[in-house]
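Here's the structure, in structure tokens; my notes come after.
Number of protein chains: 2
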Amino acid sequence: MDDVFKALADPTRRTILDELSERDDQTLFEICSRLTTKHGLGSTRQAISQHLAVLEAAGLVRTRRDGRYKLHSITPEPLRQIADRWLRDD
Amino acid sequence: MDDVFKALADPTRRTILDELSERDDQTLFEICSRLTTKHGLGSTRQAISQHLAVLEAAGLVRTRRDGRYKLHSITPEPLRQIADRWLRDD
DNA sequence: TTGACATGCAAGTGATCACTTGCCTATCAT
DNA sequence: ATGATAGGCAAGTGATCACTTGCATGTCAA
Numbered sequence: 001m002d003d004v005f006k007a008l009a010d011p012t013r014r015t016i017l018d019e020l021s022e023r024d025d026q027t028l029f030e031i032c033s034r035l036t037t038k039h040g041l042g043s044t045r046q047a048i049s050q051h052l053a054v055l056e057a058a059g060l061v062r063t064r065r066d067g068r069y070k071l072h073s074i075t076p077e078p079l080r081q082i083a084d085r086w087l088r089d090d
Numbered sequence: 091m092d093d094v095f096k097a098l099a100d101p102t103r104r105t106i107l108d109e110l111s112e113r114d115d116q117t118l119f120e121i122c123s124r125l126t127t128k129h130g131l132g133s134t135r136q137a138i139s140q141h142l143a144v145l146e147a148a149g150l151v152r153t154r155r156d157g158r159y160k161l162h163s164i165t166p167e168p169l170r171q172i173a174d175r176w177l178r179d180d
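Sequence order for the protein chains is A and B. For the first sequence, this note's numbering begins at 1 and goes up steadily by one. For the second sequence, this note's numbering begins at 91 and goes up steadily by one.
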């Protein structure tokens, strides 16, 4: 659970989740190009790759291999427990 | 919104929210003693004070003065928007 | 097989963060 | 007024984080 909160602490990673929330099964290069064109972020491939590794370690992103492509998708399950933690009694 | 996610990234601050979620209007010293006794955390007063400042800046905690006491309460409104950001389409 | 494409690994750097340390201000009871 | 209580301010330190840099691996088309 700690990994989830720390993964969400970075604005670039939250934008990546926004992008994966709109379209599943994107490759690293697809995510990179969409971040620059749609969201105005100028990050290198390696930076995004490390962000995706953090998101995957937190269980917020799952990946599957397809040849030389690695397809990334969002896994929103860990997000469900977040708000519930302090909003139970409403 | 960025301040909210960064505030939640620290485990001690999340424990503070847990404690304030159980009991409103706690002073700094009350929070300190409960963190050590109930949650086994050995943090100094200054450390907790700084954590509370971060939580207040993020809008997750509101305070009110009562003489020499400063009473802290949780403000869960910013938390409602978090999970909704990526769970809209379910 | 060769070159281009997509990704992986790891050391290094600058900035940010959590925490400490020391001193100061304000409020209350006696 | 004086001491005790509750809290505030700010400089300094060590660890963590995001990012870069350079090179390596794996896959596919020609």
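C-beta: ideal position from N, C-alpha, C; glycine also.
Range covered by the beta strand (DSSP E) that runs through residue i
i               : result
S111 of chain B : S111 of chain B -> not in any beta strand (DSSP E); alpha helix (DSSP H) instead, spanning 101-112.
S73 of chain A  : 69-74
T63 of chain A  : 61-66
Residue i versus the options, residue with shortest Cα-Cα distance
i              : options                    : result
T75 of chain A : A:G42, A:T12, A:R85, A:I16 : A:I16
H39 of chain A : A:E19, A:F29, A:Q46, A:A53 : A:E19
G67 of chain A : A:T27, A:R34, A:V61        : A:T27
L60 of chain A : B:L177, B:D92, B:E112      : B:L177
Chain-ordered neighbours of residue i on chain B, where CB pairs are closer than 9 Å
i              : result
I82 of chain A : L98, L169, I172, A173
I74 of chain A : W176
Distance CB(residue i)-CB(residue j) smaller than 8 Å
i               : j               : result
A148 of chain B : P168 of chain B : yes
I100 of chain B : S163 of chain B : The sequence shown places Asp at residue 100 of chain B, rather than the Ile named in the question. No, the pair does not count as a contact, with Cβ atoms beyond the cut-off.
I172 of chain B : I31 of chain A  : no
H51 of chain A  : R13 of chain A  : yes
L161 of chain B : R154 of chain B : yes
Chain B residues whose Cβ lies nearer than 7 Å to that of residue i
i              : result
S21 of chain A : W176
Proximal residues of chain A, C-beta to C-beta of residue i below 7 Å
i              : result
D92 of chain B : P11
N-terminal and C-terminal residue of the alpha helix (DSSP H) that residue i is part of
i               : result
L28 of chain A  : 28-37
S139 of chain B : 135-147
L8 of chain A   : 2-8
Exposed unless 16 or more other CB atoms sit within 10 angstroms - verdict on residue i
i               : result
F95 of chain B  : buried
A97 of chain B  : buried
R124 of chain B : buried
Under 9 Å by beta carbon: chain A residues contacting residue i
i               : result
L107 of chain B : R85, W86
F95 of chain B  : F5, L8, A9, D10, P11, R14
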